[in-house]
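Read through the structure below, which is laid out as structure tokens, and then see the notes.
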Amino acid sequence: MFKSFFPKPGPFFMSAFVWALIAVIFWQAGGGDWVARLVGASDEVPISAA
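Each residue of the sequence shown is one higher than the one before, counting from 2 in the numbering used here.
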């Protein structure tokens, strides 16, 4: 059954690991700031909504 879902599990899991590693490196290198600028988020957080 496992083989029917993943005919070649080695390349599949290696690819998933590489993509996850790229995402972590991107985020740690400042990707969070880039995404915040892209969506227009500001650093200011309101203290009270009243």
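By construction, the Cβ of each residue, glycine as well, lies at the ideal position given by its N, Cα and C atoms.
Computed from a predicted structure; not experimentally measured.
**OP:** Please classify residue 46: does DSSP put it in a helix, a strand, or coil?
**Re:** Coil at residue 46, not helix or strand.
Original post:
Using the C-alpha atoms, what's the distance from residue 38 back to residue 45?
Top reply: Their backbone Cα atoms lie some 13 Å apart in a straight line.
Original post:
Where does residue 10 sit, in a helix, a strand or coil, going by DSSP?
Top reply: Secondary structure of residue 10 (DSSP, three-state): helix.
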